[in-house]
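What follows is a set of notes on a single structure, which appears directly below.
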Amino acid sequence: MQALPRRLPVLAIALAVLAVSTPAIADLSILQPLDELTRVSPVIVRGDVYSVDAAWEDGTIYTYVTVDVSEVFRGGAPARITIKQLGGVVGEMGLAIAGQAAFVPGEEVMLFLGLRPRDNTLMTSVLWQGKWAVSRDAATGTTEAVRYAGDDDDGTPLLHDRLALADLERVTQTTMATVRDVTNSDIVFTPPEAPAPVNTVDNPVAHKIAFLGFSWHEVFAGTLIPTLFGKTKQPKVGTGAKQIKDTVKAQNAIKKTLPVFKKSNKYKGSIVGSDLRTSACAMDNVVFNRDPKGEIANDGTLAIGGAFFFTNILIRGFSKACNGFVVMNDGSTADGLMQNKTCYHNVLNHELLHAMGLGHSTKNVNLMFPSVSMAACQGGKITYGGDDKKGKKKLYNSNFAARVGH
Ligand SMILES: [Zn+2]
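Residue numbering for the sequence shown follows the working numbering, starting at 3 and increasing by one per position.
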């Protein structure tokens, strides 16, 4: 357990009430205390979102968020930056990344940003953890910073923290005094491939995507969803292969829900780099060990999960998913936790459930709670519980669920 700063009693109380108090696993991740969030973020700014746009890059979809910077806390950012977030919607194809920070043109934000290993572009640290929306109330004169831990199963943003902006800034500045500033020569403040920012501040609806969640429609027809596993091993945890096998076994043991099966351990491809624009949307989950394309920073993120989906195909109100995936991080923080096989198993299960379409739960004993601590996963306190079951039932109504493979 990491102690909260003693000099900030008000904030400490707020955090104790509003957040779990132990370091936990974004998506799935360690819940970074604010001082640690500051340390792992080479760029920290406050500003206004000017535009939000999505585009294909290197075979996958990114959302480019252009921010007019009003204050730089760390990293020497210029007056306008464009961050690059994995996921988004382009035409008839969408990529849902569980726990990813969402942006609306015109909103004021405080951002804790990290570097994408593969191209040094900026992204929010630890997915949702690095994005705070600033809320100013002119009537009461209060200014708050609000943070959401992704969405729940209904697609509703899950409120995680709410505190005075001044307290958030104070922690940041206090921590900054104890860490060295970073050299910014390698930071890409504007990705060269980013679409030219278009002012959509006055028309936020234009970029607000009605995302209703996704399901694997094959399941309604009784078809199994193959799950392929990357060949690269996790360090020290054994091989990872046993945990994957156990996870699939556990998933398939759940009656009348989405069945998966282990198709092969020889898959060497990568979700980032395969051109999905030109190939048919295969109905596979893929598990990548050790972040083969350098998509996740060493910031406490343990793994990410999600799926590509068709925006124009709906069944029972859900988009049709394809190409679900899980990428396990290879950063030292993630490696430390993944060495525990129970923790590895929990992370993998959590992400596979995201790949199946589940959102986050507010119950910290359930698999879909947005963060997890070493203590909790080691102690076997995390179980496939009520909220997880409810989520699966909602997406895969038992009347339509596959009856094969159990
Ligand atoms: Zn998650």
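Glycine residues also receive a C-beta, built at the ideal position from the N, C-alpha and C atoms.
| Check | Outcome |
| --- | --- |
| To the nearest angstrom, report how far apart MET95 and THR142 are at their CA atoms. | 43 Å |
| What is the rounded straight-line gap between the Cα of GLY275 and the Cα of ASP139? | At GLY275, the pLDDT of 42 sits below 50, so the modelled position is not reliable and the matter cannot be decided from this model. |
| Along the chain, where does the beta strand (DSSP E) containing LEU316 start, and where does it finish? | 305–317 |
| Taking ALA305 as the reference, give the member of ASN314, PHE311, PHE320, SER334 with the closest Cα. | SER334 |
| For THR65 versus SER53, is the C-beta distance shorter than 8 Å? | no |
| Just mark ILE99 as buried or exposed, buried being the case when its beta carbon has 16 or more other beta carbons within 10 Å. | buried |
| If we ignore side chains and look at the alpha-carbon of each, how far apart do THR385 and GLY101 end up? | 20 Å |
| Specify whether the segment 118–131 and the segment 297–314 touch according to this definition: at least 3 beta carbon pairs, one from each stretch, less than 8 Å apart. | yes |
| Rounded C-beta distance between MET376 and LEU339? I'm assuming under 8 Å. | 6 Å |
| With three or more C-beta pairs closer than 8 Å as the rule, is the segment 125–138 touching the segment 103–111? | yes |
| Below 8 Å between beta carbons: does that hold for LEU115 and ILE63? | no |
| What residue ranges within the segment 22–77 form continuous beta strand (DSSP E) runs of no fewer than 3 residues, ordered along the chain? | 45–59, 62–76 |
| Count the other C-beta atoms from every protein chain shown that fall within 10 angstroms of the C-beta of SER127, then say buried if there are 16 or more, exposed otherwise. | buried |
| Rounded to whole angstroms, how far is the Cβ of TRP58 from the Cβ of VAL92, which I believe are closer than 8 Å? | 6 Å |
| Take the Cβ of ARG149 as the centre, count every other Cβ of all protein chains shown within 10 Å, and call the residue buried at 16 or more, exposed below. | buried |
| Is any non-hydrogen atom of ligand 1 found closer than 7 Å to the C-beta of ALA100, if you look at the structure I gave you? | yes |
| Quick one: what does DSSP say ARG120 is sitting in, helix, strand or coil? | coil |
| Could you have a look at TYR386 and say whether DSSP puts it in helix, strand or coil? | coil |
| Taking buried to mean at least 16 other C-beta atoms within 10 Å of its own C-beta, is VAL47 buried or exposed? | buried |
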